[in-house]
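Protein chains in written order, with full-length UniProt numbering: chain A, 1 to 364; chain B, 1 to 272. Worksheet for the structure shown next.
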Amino acid sequence: MAVGSVLEYSSHKYFRHRLVLSILSGKPVKITGIRSEDKNPGLRDFEVNLLRLLEKVTNGTVIEISVTGTAILLKPGIIAGGPLIHDCPLSRSVGYFLEPIIMLAPFAKRPVQLTLRGITTDDNDLSADLIRTVTLPHLQLFGISDGLELRIKKRGAPPGGGGEVQFLCPIVKQVKTLNFVEPGKIKRIRGISHAVRVNPQFSNRMIESARSILNRYIPDIYLYSDVYKGEESGKSPGYALSLLAESTTSALFCSEATSKPGVAPEDIALQATRALLSEISKGGCVDEKHQSLVLFMMVLGSEDVGRCRMSEPTPRTIQFLRDIRDFFGTSFKITPSDPTKLESSDLVYSCYGTGYVNANRELA
Amino acid sequence: MSDHDELLSVVQTHDQKFLSSFDGGISTSRRKGNVQSSIEETNTVIPDFDENDDDFTAASSSTSNANVIVFSDKTAAPNQKWDATTKLQGKAFMSSKISKMRDNTLPHTKNPTLEETEEDLKERSNIKNDVLLHKLVHTQLLSGSLNPELELTPAQRRKALSGRIVELTGDAKLGRRAATSKCVREGLVQKQKEGKAAQLEETKNLGNYHPTRRNRKKRIQGLRMGVGSFKDGTLRLSRREIDSVRAHKGGTSGRGSGRGGWKKTTAQTTVA
Numbered sequence: 001m002a003v004g005s006v007l008e009y010s011s012h013k014y015f016r017h018r019l020v021l022s023i024l025s026g027k028p029v030k031i032t033g034i035r036s037e038d039k040n041p042g043l044r045d046f047e048v049n050l051l052r053l054l055e056k057v058t059n060g061t062v063i064e065i066s067v068t069g070t071a072i073l074l075k076p077g078i079i080a081g082g083p084l085i086h087d088c089p090l091s092r093s094v095g096y097f098l099e100p101i102i103m104l105a106p107f108a109k110r111p112v113q114l115t116l117r118g119i120t121t122d123d124n125d126l127s128a129d130l131i132r133t134v135t136l137p138h139l140q141l142f143g144i145s146d147g148l149e150l151r152i153k154k155r156g157a158p159p160g161g162g163g164e165v166q167f168l169c170p171i172v173k174q175v176k177t178l179n180f181v182e183p184g185k186i187k188r189i190r191g192i193s194h195a196v197r198v199n200p201q202f203s204n205r206m207i208e209s210a211r212s213i214l215n216r217y218i219p220d221i222y223l224y225s226d227v228y229k230g231e232e233s234g235k236s237p238g239y240a241l242s243l244l245a246e247s248t249t250s251a252l253f254c255s256e257a258t259s260k261p262g263v264a265p266e267d268i269a270l271q272a273t274r275a276l277l278s279e280i281s282k283g284g285c286v287d288e289k290h291q292s293l294v295l296f297m298m299v300l301g302s303e304d305v306g307r308c309r310m311s312e313p314t315p316r317t318i319q320f321l322r323d324i325r326d327f328f329g330t331s332f333k334i335t336p337s338d339p340t341k342l343e344s345s346d347l348v349y350s351c352y353g354t355g356y357v358n359a360n361r362e363l364a
Numbered sequence: 001m002s003d004h005d006e007l008l009s010v011v012q013t014h015d016q017k018f019l020s021s022f023d024g025g026i027s028t029s030r031r032k033g034n035v036q037s038s039i040e041e042t043n044t045v046i047p048d049f050d051e052n053d054d055d056f057t058a059a060s061s062s063t064s065n066a067n068v069i070v071f072s073d074k075t076a077a078p079n080q081k082w083d084a085t086t087k088l089q090g091k092a093f094m095s096s097k098i099s100k101m102r103d104n105t106l107p108h109t110k111n112p113t114l115e116e117t118e119e120d121l122k123e124r125s126n127i128k129n130d131v132l133l134h135k136l137v138h139t140q141l142l143s144g145s146l147n148p149e150l151e152l153t154p155a156q157r158r159k160a161l162s163g164r165i166v167e168l169t170g171d172a173k174l175g176r177r178a179a180t181s182k183c184v185r186e187g188l189v190q191k192q193k194e195g196k197a198a199q200l201e202e203t204k205n206l207g208n209y210h211p212t213r214r215n216r217k218k219r220i221q222g223l224r225m226g227v228g229s230f231k232d233g234t235l236r237l238s239r240r241e242i243d244s245v246r247a248h249k250g251g252t253s254g255r256g257s258g259r260g261g262w263k264k265t266t267a268q269t270t271v272a
């Protein structure tokens, strides 16, 4: 833990992953120029809320926010974990808050049991369904599986919210090295369609509409209709379709679409289906939304070469790789997976793990 | 009559047109003479409608020229096989435990045919066991009582047989080697109960009865350690135990004044 080497960044972008990298590496981080030119300068309510959540999850973290809110300094403590309850604001869904916690939870002192309340399904972030069915199975690739759970107790659509999810994550000493270079072929497609406080037929309509496209490809398709009623259905009406495709080598691709006023459920379903097909066409073993998580876990693996085949990095991923080099000193080697095939844009990302060991964990 | 014939011919043409719209194979029958040349009759077997009405054979390979468009409503049958495996997979997928979600990579295919053969196996083994039991019973198991050398009277023989059966069923306790028949056993149990009831009456009469004294085991006879434990040649006392002994020292000072200066015993004490 290098004390005194404060890393400085600017802009509100990539906020979450910089905080996570700081907490895990132990290096303090200073972020300035947060929306300084904006009409409403400084941190937004969900960003402040995230900082509060990180304070709850960790022990000994010092967060200093400037008067105008356009600069913060985070001095990380240790990740404590344990049982926690947190209310999220209604400006972002629980996925926004859950993603950084998922990156931190396996390295906590005690197993995390986090209850988050707020909006469960949103346009901007991964919904609770996709986190449960796609994001958390990616952790299984690294040896984190026993006791990993996400329970959706209540659903909450925007703007009212009223949803509740509970995240349980075990602690590990060290994550395994990944070697995932075979994407395989898609063997099955699953989906979850849910509708809260609207006509339950919307869910069935979405399923039929999605099937009308997906049935052409493979026979093993099943779309589940998740029904929540009464108190567990939140405060606002809404419906959404989340789709995921699994390949023969258990690579996962996902997509989703949420309801918009004035748009028919069939169109929502078609949007989700087409997004899924475009994700699959991009190729690789990990889809775009989970590139950061997988690369992050590869860096923390044992001191061995980890390899993963993915599609081209998104701008977010590119910045993430740069920040990893700043915090951990690890850089990735990115090579085309098949130089002979010119059409395939798959790349193999390989890195040397830092051998991060969870020293926080409570023994016995 | 001519009207009738006209109508008949109209009906026939309609029939034949309708039937020829299929794969040209099925030809209408001879209806009393009128075989229309418009029908394609490439290697068709003209059935005899009067006798076997439903027995037509279609032609083998005459393809129709029309473009066939198939409308299949896949949504009508969303689940190909709604069976136990699909339900299990569904439950596993929707469960909150991530480890359970991924376990369904190898679905346990419960084929109904497999279950049947398992039952068949069970049946077979049952039959085998029945045969074996029959053989044993009639040769070895009960033969002790049938042994002519022992010169048992009929009553003795009956008792021996019933005792042997009781032994075989396992109801007889090995310790007592009772080999008693059911009525005898039950009689003994009944007598035991009566004895217990009588004893209870006695204790009540004497005034010794209290419900809490009901299920008492034998109390431990003899003396036990007062305080501490004796291990490895030393008496180990905890601070608590010492305090509990010394607590009354102030209180009994009046009494102890006559015998002041009493010493502790010479046993080695270690304070835990």
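Glycine included, C-beta positions come from ideal geometry on N, C-alpha and C.
Any beta-carbon of chain A closer than 9 Å to the one on residue i?
i: residue 96 of chain B; result: yes
i: residue 86 of chain B; result: yes
i: residue 222 of chain B; result: no
i: residue 89 of chain B; result: yes
i: residue 93 of chain B; result: yes
i: residue 77 of chain B; result: The predicted position of residue 77 of chain B is uncertain, since its pLDDT is 46 and thus under 50; a value taken from the coordinates is nonetheless stated next. By this cut-off, residue 77 of chain B is not an interface position.
i: residue 101 of chain B; result: yes
State yes or no: is the beta carbon of residue i nearer than 9 Å to at least one beta carbon in chain B?
i: residue 200 of chain A; result: no
i: residue 98 of chain A; result: no
i: residue 192 of chain A; result: yes
i: residue 217 of chain A; result: no
i: residue 137 of chain A; result: yes
i: residue 228 of chain A; result: no
i: residue 17 of chain A; result: no
i: residue 149 of chain A; result: yes
i: residue 349 of chain A; result: no
i: residue 346 of chain A; result: no
i: residue 152 of chain A; result: yes
i: residue 140 of chain A; result: yes
i: residue 145 of chain A; result: yes
i: residue 222 of chain A; result: yes
Find the nearest neighbour of residue i within the set the options, judged by alpha-carbon distance.
i: residue 240 of chain B; options: B:233, B:234, B:228, B:232; result: B:228
i: residue 16 of chain A; options: A:328, A:363, A:347, A:320; result: A:320
i: residue 268 of chain A; options: A:258, A:89, A:144; result: A:258
i: residue 338 of chain A; options: A:310, A:39, A:214, A:144; result: A:310
i: residue 23 of chain A; options: A:42, A:60, A:9, A:35; result: A:60
i: residue 140 of chain A; options: A:172, A:262, A:112, A:157; result: A:172
i: residue 155 of chain A; options: A:197, A:5, A:175, A:148; result: A:197
i: residue 70 of chain A; options: A:283, A:45, A:263, A:279; result: A:45
Would you decide whether residue i is buried or exposed? Buried here means 16 or more other CB atoms lie within 10 Å of its CB.
i: residue 131 of chain B; result: exposed
i: residue 308 of chain A; result: buried
i: residue 325 of chain A; result: exposed
i: residue 138 of chain B; result: exposed
i: residue 125 of chain A; result: buried
i: residue 192 of chain B; result: exposed
i: residue 99 of chain A; result: buried
i: residue 10 of chain A; result: exposed
i: residue 329 of chain A; result: exposed
i: residue 202 of chain B; result: exposed
i: residue 225 of chain B; result: exposed
From the DSSP output, which residues share a beta bridge with residue i?
i: residue 113 of chain A; result: A:83, A:168
i: residue 29 of chain A; result: A:7, A:74
i: residue 336 of chain A; result: A:347
i: residue 310 of chain A; result: A:286, A:347
i: residue 190 of chain A; result: A:222, A:244
i: residue 175 of chain A; result: A:301
i: residue 68 of chain B; result: Its beta-bridge partners do not exist; DSSP assigns none.
i: residue 257 of chain A; result: A:241
i: residue 93 of chain A; result: A:119
Are any of the Cβ atoms in chain C nearer than 9 Å to that of residue i?
i: residue 132 of chain A; result: Protein chains in the displayed structure are A and B, and chain C is not among them.
Would you call the stretch 199–206 of chain A and the stretch 116–128 of chain A in contact, with 3 or more CB pairs under 8 Å?
no
Below 8 Å, can you find three or more Cβ-Cβ pairs linking the stretch 347–362 of chain A to the stretch 44–54 of chain A?
no
Does the stretch 183–192 of chain A come close enough to the stretch 219–227 of chain A to have 3 or more Cβ pairs within less than 8 Å?
yes
Three or more C-beta pairs below 8 Å linking the stretch 244–253 of chain A and the stretch 158–168 of chain A:
no
Given 8 Å as the limit, is there contact between the stretch 104–118 of chain A and the stretch 29–46 of chain A, that is, 3 or more CB pairs closer than that?
No, the stretch 104–118 of chain A is not in contact with the stretch 29–46 of chain A.
Taking contact to mean 3 or more Cβ pairs, one atom from each stretch, closer than 8 Å, check whether the stretch 80–93 of chain A and the stretch 103–112 of chain A are in contact.
Taking 8 Å as the limit for Cβ pairs, the verdict is that the stretch 103–112 of chain A does touch the stretch 80–93 of chain A.
Counting pairs of Cβ atoms below 8 Å between the stretch 83–96 of chain A and the stretch 338–351 of chain A, do you hit three or more?
no
Assess contact between the stretch 250–266 of chain A and the stretch 234–241 of chain A, defined as three or more Cβ pairs (one per stretch) separated by less than 8 Å. Is contact present?
The stretch 250–266 of chain A makes contact with the stretch 234–241 of chain A: 3 or more CB pairs, one atom from each, lie closer than 8 Å.
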